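To start, the structure under review is shown below, and the notes come after it.
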Amino acid sequence: MSLVFRKSFDLFKTVKWILRKDIRACLSSLPEKVEKINAVEVEITRTGRRPRSQNPMLEYRHIYPEFLPDPNPNWRNSLREKLERADMLERRKQIDIPEFYVGSILAVTISDPHAQGKTNRFVGICIERKGCGLRAEFTLRNVVDNQGVEVRYELYDPTIQTIQVLRLEKRLDDKLYYLRDALPEYSTFPVDMDPEILPEGTAVPVNPVQVKLKPRPWLERWERQELKGVSNIEEHLKEKDRVRRELRKTPWEKYDLMKQYRKTVPIEDQNEIWGEVYNQLQQMRMSTKKTARKRVITAPKSQLG
Amino acid sequence: MAEGKPPKIICVYNKRRVGLIGDRVLVAIKGQKKKGILVGLKQTQKSKVPKFDSNNVVLIDDNGTPLGTRIHVPIPTILRTILKERTHSKGADYTKLLGIATRFV
Amino acid sequence: MATSNLYLLCKAMNNLRVNHIVKRTGHYTTLRKPKYRPPYWFMPKERVVSEDMLTQENRDFLEEVKQDKQVLQKQMESPLANVEMQQATEWTPFTRRVGLIARKIGNYPLWTKDGKKFQTTLLQVVDNHVIKYIPPEEFNPMKSGKMKKEHWKEKRTLGCLLVGSETIDPSTVTKDYCGMFTNVGMLPKRHLCRFMVSPHAQLPTGTPLYATHFRVGDCVDIRAKTIDRGFQGVIKRWGFKGMPASHGVTKTHRRPGNIGAGGEKARVWPGTKMPGHMGNSWRIIRGVKVLRVNTEHNVLWMLGVAIPGETGAMCYLYDTVLPLKKLKTAPPFPTSLHVDGLPLEYYDESIHAFEQPTIKFEEA
Numbered sequence: 001m002s003l004v005f006r007k008s009f010d011l012f013k014t015v016k017w018i019l020r021k022d023i024r025a026c027l028s029s030l031p032e033k034v035e036k037i038n039a040v041e042v043e044i045t046r047t048g049r050r051p052r053s054q055n056p057m058l059e060y061r062h063i064y065p066e067f068l069p070d071p072n073p074n075w076r077n078s079l080r081e082k083l084e085r086a087d088m089l090e091r092r093k094q095i096d097i098p099e100f101y102v103g104s105i106l107a108v109t110i111s112d113p114h115a116q117g118k119t120n121r122f123v124g125i126c127i128e129r130k131g132c133g134l135r136a137e138f139t140l141r142n143v144v145d146n147q148g149v150e151v152r153y154e155l156y157d158p159t160i161q162t163i164q165v166l167r168l169e170k171r172l173d174d175k176l177y178y179l180r181d182a183l184p185e186y187s188t189f190p191v192d193m194d195p196e197i198l199p200e201g202t203a204v205p206v207n208p209v210q211v212k213l214k215p216r217p218w219l220e221r222w223e224r225q226e227l228k229g230v231s232n233i234e235e236h237l238k239e240k241d242r243v244r245r246e247l248r249k250t251p252w253e254k255y256d257l258m259k260q261y262r263k264t265v266p267i268e269d270q271n272e273i274w275g276e277v278y279n280q281l282q283q284m285r286m287s288t289k290k291t292a293r294k295r296v297i298t299a300p301k302s303q304l305g
Numbered sequence: 306m307a308e309g310k311p312p313k314i315i316c317v318y319n320k321r322r323v324g325l326i327g328d329r330v331l332v333a334i335k336g337q338k339k340k341g342i343l344v345g346l347k348q349t350q351k352s353k354v355p356k357f358d359s360n361n362v363v364l365i366d367d368n369g370t371p372l373g374t375r376i377h378v379p380i381p382t383i384l385r386t387i388l389k390e391r392t393h394s395k396g397a398d399y400t401k402l403l404g405i406a407t408r409f410v
Numbered sequence: 411m412a413t414s415n416l417y418l419l420c421k422a423m424n425n426l427r428v429n430h431i432v433k434r435t436g437h438y439t440t441l442r443k444p445k446y447r448p449p450y451w452f453m454p455k456e457r458v459v460s461e462d463m464l465t466q467e468n469r470d471f472l473e474e475v476k477q478d479k480q481v482l483q484k485q486m487e488s489p490l491a492n493v494e495m496q497q498a499t500e501w502t503p504f505t506r507r508v509g510l511i512a513r514k515i516g517n518y519p520l521w522t523k524d525g526k527k528f529q530t531t532l533l534q535v536v537d538n539h540v541i542k543y544i545p546p547e548e549f550n551p552m553k554s555g556k557m558k559k560e561h562w563k564e565k566r567t568l569g570c571l572l573v574g575s576e577t578i579d580p581s582t583v584t585k586d587y588c589g590m591f592t593n594v595g596m597l598p599k600r601h602l603c604r605f606m607v608s609p610h611a612q613l614p615t616g617t618p619l620y621a622t623h624f625r626v627g628d629c630v631d632i633r634a635k636t637i638d639r640g641f642q643g644v645i646k647r648w649g650f651k652g653m654p655a656s657h658g659v660t661k662t663h664r665r666p667g668n669i670g671a672g673g674e675k676a677r678v679w680p681g682t683k684m685p686g687h688m689g690n691s692w693r694i695i696r697g698v699k700v701l702r703v704n705t706e707h708n709v710l711w712m713l714g715v716a717i718p719g720e721t722g723a724m725c726y727l728y729d730t731v732l733p734l735k736k737l738k739t740a741p742p743f744p745t746s747l748h749v750d751g752l753p754l755e756y757y758d759e760s761i762h763a764f765e766q767p768t769i770k771f772e773e774a
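Protein chains in written order, with the numbering used here: chain F, 1 to 305; chain Y, 306 to 410; chain B, 411 to 774.
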């Protein structure tokens, strides 16, 4: 789900929207498309109709993407979304669901009726995040005993006891399914990893690692997807694949305004949503930061030993 | 998979004939037919059930006793409940393979 | 909109004067003579709103009047509150009580205390009010069934309660439709429904109905119109398997195949499953469980997503008819009263509320 703004319903206005330089700030999750558009529209001057400084609450759409509803208008209902958000906040009061992105390394403990000791801990890299509202899910991948394992968890499942972020970082892609076809060293993470704490106030680091893939056969045609985090696709391709890839390309997709429009929630709705939810989320973040600071201060003894 | 062809599942002992975790299967391995239990699947599972990068089978005899001494691969914890249900008091005891497992995921 | 279209259509067809009508006799094959006139009881609902040449002052005045009326209706006390003492009627397992008109607002998951996830449908009960009660002797609906009217009249034991949901602006509806409500002193409603009710479960006009009418854990029958899927083929409509996509199959992948047997009755039987219009039909789902009730917004959470209709469609809720899931203990009879100090949410015992702490399993 791309997190791009869309203005009101007028087509003229949407065209103007895309022609403005302010897009650079908005399309933070689509850098490739922005470069191409900016190259074309450099000469167009700014018309100061739109306020430069956007609502700071809207930053939360990257941190808590599950609060935004599914943009399909057939399924949207304001009351149901309000009730859903209230339930999500209630659950967040019980357990701290931290900020994480695809590419961060998490450790999840769940209460498992099947396991001995009734708890089960899994460490892995987050390869995808999907779903809206209470249905939000994420998948963790790790290589355990030379066997690749992936586990899917629901964010708001009441059997999850803790979600701990061991390394908070982003990757160059939205979904890391190519790790299944990559060399196992890129998906291996030690189970007893210590949490790496970033200094406060820093932006989330982007890990520019370029992953090497195993030789074909692959699970998907990675060469046809525009992946930035893969280094050696070209080595494994034949002439036929290259030709087919050119034929299959859809260069008109970046000009498809309606497609973008249909994938996003309008800015007016987003303002309402974040207006409801911002204060509570901010309070929770403050309290978790305080507890984290306390832990850091009291932790040194165990690290020395 | 040391010699010969990789093992293949030739029959799934299930009404639907599609194997799920914990199902008994017939495996063709090294030119012989042996029974086994499915321990890990590549198929997408329900939430909290792990999905593996390869389909894993633990070879078993008719009484449910595993033929090997150790399982190196991690095993999902759901197997414990599934195998307990499958085990009848006078039939085969499938829970023995949980004893030789090294790691549970 | 649909009703005014029907009216216009009927009017237009009245002028056509079709002379030649094909008539066939037989059981299934009777072609009904097309009707060009709406029945005498038909009352168009929507009004063609034309531009009134009103000044801004007058328009503001009208708005004020509407607001005042709405506020008055909201503040109107439930007539049940006064009549409390007089009720000697008690609930028996054979009494039928009112249902509710609800709107489907969406689905979301809820978890049980065992950690299992279930999808639930949310139904919102928007301002429901009782409009009229018609006792069994006077109730005379247009019955086009097998039982003749005289026999049916003798067997009648249930009265009819007219319930309306969602108050609308009186200036958008016709005077006849509005008059139906103003005769009893209510503002017009968007949707109306008849609920067949035992005479001692009757309610006075203007009684508001709330979601707490159904308790958590009760089972409910839901009657609603299914999603209109349009003209559909035989595979989607009747679940036929179709034919293989390859292996020499020529031009036949999603067709019905054979439509009849040979022999003596070598014809296509009436009722043969064929492609046609699918959906937009009334269906009743029995035994749907209520998992959670919110008293502030009057929302019910129902187990499962099988409730017919799309998001935003209306559905009618009744007490279950299924013998094993019927009410065994007395429900709020004849309906629940609006009390101020009610808890915000009611949860079923098996459902885990999000305010409760994380689920933990104990060692057996």
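Even for Gly, the Cβ is constructed at its ideal location relative to N, Cα and C. Note that the structure is a prediction, hence the values are computed from the model and not measured.
Threonine 288/F and glutamate 90/F have their C-alpha atoms spaced approximately 16 angstroms apart. For the set Arg639/B, Gln642/B, Asn668/B and Phe641/B, the Cα lying nearest the Cα of methionine 653/B is the one of Asn668/B. Apart from sequence neighbours up to five positions away, the residues of its chain that approach threonine 636/B with a beta-carbon distance below 7 angstroms are Gly689, Asn690, Ser691, Arg693, Pro718 and Gly719, ordered along the chain.
Counting C-beta pairs with one atom in each stretch, the segment 729-742 of chain B and the segment 702-721 of chain B have fewer than three that are closer than 8 angstroms, which means they do not touch. For leucine 727/B, the closest alpha carbon among the candidates Gly686/B, Gly509/B, Met596/B and Ile544/B is that of Gly509/B. For asparagine 360/Y against glycine 336/Y, the beta-carbon gap comes to about 20 angstroms, at or over 8 angstroms, which does not count as contact.
Under the three-state reduction of DSSP, aspartate 269/F is assigned to helix. Under the 10 Å beta carbon count, tyrosine 318/Y is surrounded by fewer than 16 other beta carbons and is classified as exposed.
Boundaries of the beta strand (DSSP E) around glycine 569/B: 569-577. Distance from the CA of glycine 324/Y to the CA of phenylalanine 357/Y, rounded to the nearest whole angstrom, comes to 14 angstroms. For glutamine 483/B, the uninterrupted alpha helix (DSSP H) run begins and ends at 466-485, by DSSP. In terms of beta-carbon proximity, isoleucine 110/F lines the interface with chain Y, with at least one pair separated by less than 8 angstroms. Beta-bridge partners assigned by DSSP to glutamate 755/B: Asn704/B. For leucine 533/B, the three-state secondary structure derived from DSSP is strand. Apart from sequence neighbours up to five positions away, the residues of its chain that approach isoleucine 315/Y with a beta-carbon distance below 6 angstroms are Leu331 and Ala333, ordered along the chain.
Its Cα nearest to that of lysine 340/Y, the residue Asp328/Y stands out among Thr374/Y, Asp328/Y and Thr382/Y. In this structure, threonine 592/B keeps its C-beta atom at 8 angstroms or more from the C-beta atom of serine 488/B. For glutamine 54/F, no beta strand (DSSP E) segment is defined, and its DSSP state is neither H nor E.
Per DSSP, glutamate 128/F lies in no alpha helix (DSSP H); the unbroken beta strand (DSSP E) holding it starts and ends at 119-130. By the rule that beta-carbons nearer than 8 angstroms mark a contact, tyrosine 620/B does not touch chain F.
For tryptophan 274/F, the number of other beta carbons within 10 angstroms of its own is at least 16, and it is reported as buried.
For methionine 688/B, the enclosing beta strand (DSSP E) covers residues 686-688.
Arginine 80/F reaches chain B at Ile515, Gly516, Asn517, Tyr518, Leu532, Gln534, Val709 and Thr721, counting residues in chain order whose Cβ is nearer than 9 angstroms. Contact with chain Y is absent for valine 123/F, since none of that chain's Cβ atoms lies less than 8 angstroms from the residue's Cβ. Secondary structure at valine 277/F: helix, using DSSP grouped into helix, strand and coil. With fewer than 16 other Cβ atoms from the protein chains shown falling within 10 Å of its own Cβ, tryptophan 679/B counts as exposed.
Of the candidates Leu402/Y, Gly396/Y and Ile387/Y, Leu402/Y places its Cα closest to the Cα of arginine 375/Y. Contiguous beta strand (DSSP E) elements confined to the segment 138-196 of chain F occur at 147-154 and 160-167, taking only those with 3 or more residues.
Excluding sequence positions up to five before and after arginine 647/B, its CB lies within less than 6 angstroms of the CB of Met688, all in the same chain and listed in chain order. By the rule that beta-carbons nearer than 8 angstroms mark a contact, lysine 353/Y touches chain F. With respect to the 8 angstroms criterion, aspartate 145/F and proline 379/Y are classified as neighbours on the basis of their beta carbons. Secondary-structure assignment with DSSP links glutamate 456/B through a beta bridge to Val583/B.
By the 16-neighbour rule on beta-carbons within 10 angstroms, proline 444/B is exposed. Under the 8 angstroms criterion on CB atoms, lysine 356/Y is classed as interfacial with respect to chain F. For phenylalanine 624/B, no Cβ of chain F is located within less than 8 angstroms of the residue's own Cβ. Taking C-beta separations shorter than 6 angstroms and ignoring five residues to either side along the sequence, the partners of tyrosine 756/B in its chain run Val626 and Val703, following chain order.
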